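Residue numbers (full-length UniProt numbering): 1 to 59.
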């Protein structure tokens, strides 16, 4: 006998549809960014690459 019950009548219904898009949630690729933010990201990339590859080669 199963330990769980397959009765889903007691669960609240959470509708999926257009009304969820109005909550203000935006995925990252859709967000705009400034040139300064892109520059900071590029510097972080360079530091990460230097630590990942440069430090082992130096030692």
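Glycine residues also receive a C-beta, built at the ideal position from the N, C-alpha and C atoms. Source: prediction; values computed, not measured.
Asked                                                                         : Found
Any C-beta of chain B under 8 Å from that of residue 44                       : Any reference to chain B falls outside this structure, which holds one protein chain only.
Residue 43 versus residue 36: straight-line alpha-carbon distance, rounded    : 11 Å
Residue interval of the alpha helix (DSSP H) (run including residue 58)       : 55-58
Whole-angstrom distance between residue 58 and residue 39, CA atom to CA atom : 26 Å
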